[in-house]
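Numbering (the numbering used here), first residue to last: 238 to 879.
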């Protein structure tokens, strides 16, 4: 049944009811109210089918008075209006595009119902929430999903606060937003580093300017002199030119991932074609400090035009301004010069660079003649405790800064003051001397010796008490000990016991991670229970520790004594008592009737027996922690039958 058939039935029923009740105004008004309600419901196409089904049931399941619950119908209509469908915009994965670029976005829809005439449209949303359509609304695919394509408007400003979404038209549902970044167009501005727009150079000299690039790289640009730069990611980009005449430089064009951009600025490189020749001497940091007989470089700048055959020379003057040439002729910087041998380090000197054609000179700078270094280690004897530092004193002379190397490998350089203190930390008493020392003029003269005495405390070992005071012969025990003083890397710790003559002998010993263990197995045993003297000794240095004692049970000396006597009637029980001596628990034994007891610590041990005839009980085997034992004694249980 389609919607038109159902509507015809409903209207026919309403008409029949109206004709049958025309004489009653009240019932006419009720029927008119019903008709009005039906007309209002038909206006909402989204819930039409749901309400027609409900109205059909309401009319034909009510009584003949046709009292329709209009409030219930409106509540049901409102509930259907809330159940809107959902549109999910596909993930863009941080998409960044240029203005004017095409975009393609997948989407899915679910839940609720869309109108038959519904369409989906791709929208661009700016930071304020304003949305614009990027294409024409389009029907969904057969499964309610698809992909929409559009073009970002060329007028869209660059920014990172945009989003794309897919929206439906009927009902209007905005899909989930996905972030989108719109990239800026490129820009290029030509400029000088100091902010000016002109620079002057001499003929053949270079000039450097830079191009500040904006937007998103990589960039490509061209200058007005034809220079091209392709796909650079460097901004600002430095350009060096060497024009032969005054030139104006501009950026002609710039391009990047978002196409062509804007250019700005210009600079002028002026070329001074007729400069006066000038020489400027470049002194090193701290001035010239030169050793006699040592070649050194003199740097300078020469500007202007010089005559053919010109040469540059380095000259030195003393306090009388008597200038002497100390270099060969050269055409450019730097020049190599050498101070004359025998020049006094105490004089006041100046240095300059001169040209021959034309005859001009540079500024003059002071020069100090550095003397050969002298280092003397002061004779001294220093006493220190083990592990403490000692300070040695060295006197320096000649040209610094100085360096020094001692016989133990201690090295220091860049020493600027004299006397100087050197700190050493010897492990043993040590004599010190200088292996090498010098200053600005290389290795110099050195002498002197010093001695450091080290107070090394004596090495001692204290043997601790064992946790077990009585053990079996051949048992391995942990031996505690403490040390003081110095022990060397090749040292070994050994456990020793005294023999019958009082001489200490080594035992099988292991030492790992600070734990010392030994097998206590002296070769002699005078009694069942022996007290032996024990100590810890070291090999490097050879030190014997304090003594301690321990009691040792001889092997296989434990005893089990069986006792007991009783008379019983058949079915009664009696007791058998087993007492142990000489040996360490636990004890294990077998009774002559086959009863086995394993690992008992009870002494004495009482057994309950119930023989059926008179029986004599003995122990057939005995063992303890110290080996096999000796069974003795017996127990007799008599069974009377009369």
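We put the CB at the ideal spot given by N, CA and C, even for glycine.
Quick caveat: nothing in here was measured; it's all calculated off a predicted structure.
So, under 8 angstroms CB-CB, residue i and residue j are touching, yes? Tell me the CB distance rounded to an integer number of Å.
i, j, result
"residue 888", "residue 671", "Since the first residue of the chain shown is 238 and the last is 879, residue 888 is not available in this structure."
"residue 362", "residue 418", "Contact doesn't hold; Cβ gap of about 13 angstroms is too wide."
"residue 635", "residue 610", "4 angstroms"
"residue 504", "residue 446", "5 angstroms"
"residue 590", "residue 516", "5 angstroms"
"residue 872", "residue 813", "4 angstroms"
"residue 851", "residue 832", "Not a contact, Cβ separation roughly 17 angstroms."
"residue 391", "residue 374", "Between residue 374 and residue 391 the Cβ distance is about 22 angstroms, and since that is not below 8 angstroms, they are no contact."
"residue 604", "residue 525", "4 angstroms"
"residue 448", "residue 506", "Not a contact, Cβ separation roughly 14 angstroms."
"residue 597", "residue 502", "Their Cβ separation, rounded to whole angstroms, is 39 angstroms, which puts residue 597 and residue 502 out of contact at 8 angstroms."
"residue 571", "residue 540", "Wrong, their Cβ atoms sit about 16 angstroms apart, outside the cutoff."
Where does the unbroken beta strand (DSSP E) through residue i begin, and where does it stop?
i, result
"residue 416", "415 to 420"
"residue 810", "That residue, residue 810, is in no beta strand (DSSP E); it is neither H nor E in DSSP."
"residue 688", "686 to 692"
"residue 400", "396 to 406"
"residue 628", "627 to 634"
"residue 657", "657 to 661"
"residue 561", "560 to 562"
"residue 386", "382 to 388"
"residue 356", "It is not in any beta strand (DSSP E) - residue 356 carries neither H nor E in the DSSP assignment."
To the nearest angstrom, how far is the alpha carbon of residue i from that of residue j?
i, j, result
"residue 630", "residue 689", "12 angstroms"
"residue 271", "residue 383", "Note that residue 271 scores a pLDDT of 36, beneath 50, so its modelled location is shaky; the value from the coordinates is reported in the next line. Computed Cα separation, rounded: 44 angstroms."
"residue 819", "residue 826", "15 angstroms"
"residue 580", "residue 555", "10 angstroms"
"residue 330", "residue 452", "21 angstroms"
"residue 460", "residue 407", "56 angstroms"
"residue 545", "residue 678", "39 angstroms"
"residue 736", "residue 757", "12 angstroms"
"residue 719", "residue 839", "38 angstroms"
"residue 471", "residue 396", "22 angstroms"
"residue 316", "residue 350", "Residue placement at residue 316 is poorly supported in this model, since its pLDDT is 49, which falls under 50; the coordinates are not used for a value here."
"residue 293", "residue 352", "For residue 293, the predicted model reports a pLDDT of 38, less than 50, meaning its position is unreliable; a value from the coordinates is still stated below. Distance between the alpha carbons of residue 293 and residue 352: 22 angstroms."
"residue 680", "residue 651", "14 angstroms"
"residue 438", "residue 557", "38 angstroms"
"residue 743", "residue 750", "21 angstroms"
"residue 493", "residue 422", "7 angstroms"
"residue 400", "residue 368", "9 angstroms"
"residue 346", "residue 356", "12 angstroms"
"residue 859", "residue 792", "13 angstroms"
"residue 676", "residue 534", "19 angstroms"
"residue 880", "residue 655", "An answer regarding residue 880 cannot be provided, because it is not within the stretch 238 to 879 covered by the chain."
"residue 478", "residue 432", "18 angstroms"
"residue 468", "residue 512", "39 angstroms"
Counting only beta-carbon separations shorter than 7 angstroms, does residue i have a partner in chain D?
i, result
"residue 389", "This model lacks chain D altogether, as it is built from one protein chain only."
Going by the DSSP bridge assignment, what does residue i pair with across the sheet?
i, result
"residue 742", "734"
"residue 714", "755"
"residue 907", "Because the chain is modelled from 238 through 879, residue 907 falls outside the range shown and cannot be assessed."
"residue 614", "631"
"residue 591", "550 and 598"
"residue 486", "504"
"residue 323", "347"
"residue 677", "Residue 677 pairs with nothing; no bridge assigned."
"residue 833", "827"
"residue 649", "641"
"residue 683", "612"
With DSSP run on the structure shown, which of helix, strand or coil describes residue i?
i, result
"residue 459", "strand"
"residue 300", "Below a pLDDT of 50, predicted positions are generally treated as unreliable, and residue 300, at 44, falls in that range; the measurement from the model is reported next regardless. Looking at residue 300 - three-state DSSP - the assignment turns out to be coil, as it is neither helix nor strand."
"residue 502", "coil"
"residue 536", "strand"
"residue 369", "strand"
"residue 362", "strand"
"residue 316", "Because the pLDDT of residue 316 is 49, which lies under 50, any placement of that residue in the model is unreliable, and the number read from its coordinates should be weighed accordingly. It is helical."
"residue 643", "strand"
"residue 429", "coil"
"residue 211", "Only positions 238 to 879 of the chain appear in the structure, and residue 211 is not among them; the question remains open."
"residue 765", "coil"
"residue 847", "coil"
"residue 391", "coil"
"residue 495", "coil"
"residue 861", "strand"
"residue 868", "strand"
"residue 856", "strand"
"residue 784", "strand"
"residue 575", "strand"
"residue 875", "strand"
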